[in-house]
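With the UniProt record's numbering, the residue at position 109 of the sequence shown is 109, and numbering never jumps. C-beta atoms are modelled at their ideal positions from N, C-alpha and C, and glycine is treated no differently. All values derive from a computational prediction rather than experimental measurement. In what follows, a single structure is set out as structure tokens and then discussed.
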Amino acid sequence: MAKQYDVLFRLLLIGDSGVGKTCLLCRFTDNEFHSSHISTIGVDFKMKTIEVDGIKVRIQIWDTAGQERYQTITKQYYRRAQGIFLVYDISSERSYQHIMKWVSDVDEYAPEGVQKILIGNKADEEQKRQVGREQGQQKGRLVLQLAREYGMDFYETSACTNLNIKESFTRLTELVLQAHRKELDGLRVRASNQLALAELEEEEGKPEGPVNSSKTCWC
Ligand code: GTP
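Now the structure itself:
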């Protein structure tokens with residue numbers, strides 16, 4: 001069977017209940033938006049393949065429940081993540097205040113070197129905004145400063161209007177790829193070696209052996 005992707009890795013969505021994690025995921029994978037809030041129970045995941053810098057990346061995106069009672073379960077999923085979205089709702093100051101708590105959970109449970117992106121979702125709810133983008137804005141919380149402090153890129157998104165969804169998922173994927181550049185270069189060398197070998201075998205008229213379609217998985 002033809003190889004359909006080059007690498008596989010795992011991203012995680014975390015944040016308070018109701019900030020829109022499931023909606024972000026559904027918008028990204030299925031281009032759908034649901035106005036109802038059905039709380040995630042434990043964890044759920046979806047897959048999508050995207051191409052970044054000519055590399056086909058299969059991403060497994062884990063959507064975690066924001067509700068406190070599932071935290072014991074959800075924290076177990078941090079360990080195998082290469083990238084994490086920390087999501088708050090721009091119309092909920094409380095959800096933004098809790099980002100500190102989510103950051104400290106990541107520090108405690110996720111592997112060192114995990115890539116992080118801060119997401120302020122529901123950017124379409126401008127009239128209900130409680131969290132400003134920058135210092136000096138109305139009720140401004142130092143979002144950009146916080147993102148910088150923790151070494152995170154920052155996006156305001158809207159799962160409702162499809163604002164910055166593809167951009168933020170692509171960016172986190174890029175960051176993970178950059179962080180794993182060495183393994184990736186090794187993969188490329190192996191791939192070109194395999195190609196060279198296959199060409200040689202063809203030239204020599206040998207029967208074609210099974211193509212090693214093993215994927216690189218950093219999960
Ligand atoms: P838990 O599973 O409980 O952790 O919640 P969640 O973070 O997955 O939230 P979910 O995606 O279920 O969305 C909660 C509510 O917010 C739903 O009513 C969504 O329709 C709404 N919502 C999500 N994203 C947006 C958005 O970008 N804009 C607006 N206006 N509403 C949104």
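Three-state class that DSSP yields for residue i in the structure shown
i, result
"Lys215", "Because Lys215 sits at a pLDDT of 45, beneath the cut-off of 50, its placement in the model cannot be relied upon, and the following sentence gives the value as read from the coordinates. In this structure, Lys215 counts as coil in the three-state DSSP scheme."
"Lys122", "coil"
"Tyr78", "helix"
"Ser158", "strand"
"residue 226", "The structure shown does not extend to residue 226, since the chain spans only 1 to 219, so no value can be given for it."
"Leu184", "helix"
"Gln115", "strand"
"Leu163", "strand"
The alpha helix (DSSP H) enclosing residue i, as first and last residue numbers
i, result
"Met100", "Ile99 to Tyr109"
"Val87", "Premise fails: Val87 lies in the beta strand (DSSP E), Gly83 to Asp89, not in any alpha helix (DSSP H)."
"Ile38", "Note, Ile38: premise wrong, no alpha helix (DSSP H); not H, not E."
"Leu142", "First-last for Leu142: undefined, no H or E at that position."
Neighbourhood of residue i by C-beta distance below 8 Å, restricted to the same chain and skipping five residues each side
i, result
"Ala179", "Gln82, Gly113 and Gln115"
"Val143", "Tyr96, Leu118, Gly120, Val131, Gly132, Arg133, Glu134 and Phe154"
"Ile55", "Asp6, Val7, Leu177 and Leu184"
"His37", "Gly18"
Closest residue to residue i among the options (Cα-Cα distance)
i, options, result
"Tyr70", "Leu146, Gly15 and Cys23", "Gly15"
"Tyr78", "Ile59, Gln97 and Tyr109", "Tyr109"
"Thr64", "Glu156, Trp102 and Thr173", "Trp102"
"Val104", "Lys75, Asp124, Ser92 and Ile55", "It should be pointed out that residue 104 corresponds to Ser in this sequence rather than to Val. When only C-alpha atoms are compared, the closest one is Lys75."
"Leu118", "Leu11, Gln130, Glu156 and Pro111", "Glu156"
"Gln97", "Ile84, Gly120 and Asp30", "Gly120"
"Asp89", "Leu175, Arg181 and Cys23", "Cys23"
"Asp124", "Asn162, Asn31, Arg80 and Leu146", "Asn162"
"Asp48", "Asp6, Ile41, Thr72 and Ser91", "The sequence shown places Lys at residue 48, rather than the Asp named in the question. When each option's Cα is compared against that of Lys48, the closest is Asp6."
"Tyr150", "Ile41, Thr29, Gln60 and Val106", "Val106"
"Phe45", "His37, Leu184 and Thr29", "Thr29"
"Thr72", "Arg58, Gly42, Ser168 and Ile99", "Gly42"
"Gln127", "Met100, Met152 and Ser91", "Ser91"
Segment limits, beta strand (DSSP E) that includes residue i
i, result
"Leu13", "Val7 to Gly15"
"Lys46", "Val43 to Val52"
"Val57", "Ile55 to Thr64"
"Phe33", "Phe33 -> no beta strand (DSSP E), and no H or E assigned at all."
Other residues of its chain near residue i: CB distance less than 7 Å, five sequence neighbours each side excluded
i, result
"Gln67", "Ser17 and Ser39"
"Ala159", "Gly20, Cys23, Leu24, Arg27, Phe33, Asn121 and Ile165"
"Arg10", "Gln60, Trp62, Arg80, Ala81, Gln82 and Cys219"
"Leu172", "Leu11, Gly83, Phe85, Gln115 and Ile117"
Contacts around residue i, its chain only, beta-carbon distance under 6 Å, and the 5 residues preceding and following it disregarded
i, result
"Phe85", "Leu13, Ile117 and Ile119"
"residue 222", "Residue 222 falls outside the range modelled here, since the chain spans only 1 to 219, and no answer is possible."
"Glu174", "Val52"
"Trp58", "A small correction: the amino acid at residue 58 is Arg; Trp does not occupy that position in the sequence shown. Excluding residues within five positions, the ones whose Cβ falls inside 6 Å are Tyr5, Leu8 and Thr49."
"Phe169", "Phe28"
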